[in-house]
Amino acid sequence: MGVRHAFLLLVATGLIAAAPGRTEAVRDPLPVLDAAGLEQLLSEHSGKVVLLNFWATWCRPCLKEIPALQELSGRYSADEFILVPVSLDDPANASLVVTNFLNRWFPDFSSWLSAEPEMDAIVSVVDRAWNEVLPTSYVLNRNGSVARRLQGGKAIEEFDAAVQAALQP
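Heads up: the sequence shown runs through residues 0 to 168, numbered per numbering that gives the first Met the number 0.
So this is what it looks like as structure tokens:
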């Protein structure tokens, strides 16, 4: 492991202390999701528009769009829309890495952790032709089919337009 990689791992896992006086939020362990669990979760939200976001702590564009996703989630009623973020960090250490990362940088952001060792296994639930670009988001319409795929870091306006289109009868 290179020095840079080791440093980034230490920062991500919170082993390098936060700035003095900064308090960390304490959160319950993040829920873990495999491909079958994602299928079940999506079926439970049938009738709603779902924004399924695949992201990772090591993906800079992913991190830049988290505030937009948080704001977007607050714009719509829980009866008509749900945000489902899924971290694709390595499942071997994702619980520690992602939990500590979110506690430090995005304490109000909730996410699922992928339990799948291969990223394609969970993404293929909605897209068998996924090209492994992160971040990738899918707007699912009320019947659960993909209405739009958004790849690369996006601004709230693009997410909002895709969700609005899917909400139309």
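Where a beta carbon is used, it is the ideal one built from N, C-alpha and C, also for glycine.
Taking only three categories from DSSP, how would you classify residue i?
i	result
S123	coil
S42	helix
P90	coil
N99	helix
V132	coil
A35	helix
R148	strand
S113	strand
R171	Since the first and last residues shown for the chain are 0 and 168, residue 171 lies out of range.
Q167	coil
K153	coil
L68	helix
K47	coil
D107	coil
A161	helix
L29	coil
R59	helix
What residues are listed by DSSP as bridge partners for residue i?
i	result
N52	P84, S136
If you count every other CB in all the chains shown that lies within 10 Å of the CB of residue i, and 16 or more means buried, which is it?
i	result
P28	exposed
N52	buried
W54	buried
A77	exposed
D88	buried
R74	exposed
S144	exposed
E64	buried
T22	Note that T22 scores 48 on pLDDT, short of 50, meaning its location in the model is unreliable; the coordinates nonetheless yield the value given after this. Exposed is the call here.
Ordered along the chain, which non-local residues of its own chain (more than five positions away) have a Cβ less than 8 Å from that of residue i?
i	result
S110	L29, W54, P84, V85, S86, V97, L101
G20	With a pLDDT of only 43 at G20, under the threshold of 50, the placement of this residue in the model should not be trusted; the figure read from the coordinates follows. Excluding residues within five positions, none has a Cβ falling inside 8 Å.
A34	E115, A120, I121, S123, V124
E70	I155
G151	P60, V132, P134
Go through its chain and collect everything with a Cβ distance to residue i's Cβ below 6 Å, but skip five positions before and after it.
i	result
A24	Its pLDDT being 49, under 50, A24 is placed unreliably in this model, and the value from its coordinates should be taken loosely. Excluding residues within five positions, the ones whose Cβ falls inside 6 Å are N102, P106.
Whose C-beta lies closer than 7 Å to the C-beta of residue i among residues of the same chain, with five residues either side of it excluded?
i	result
E156	none
E38	V124
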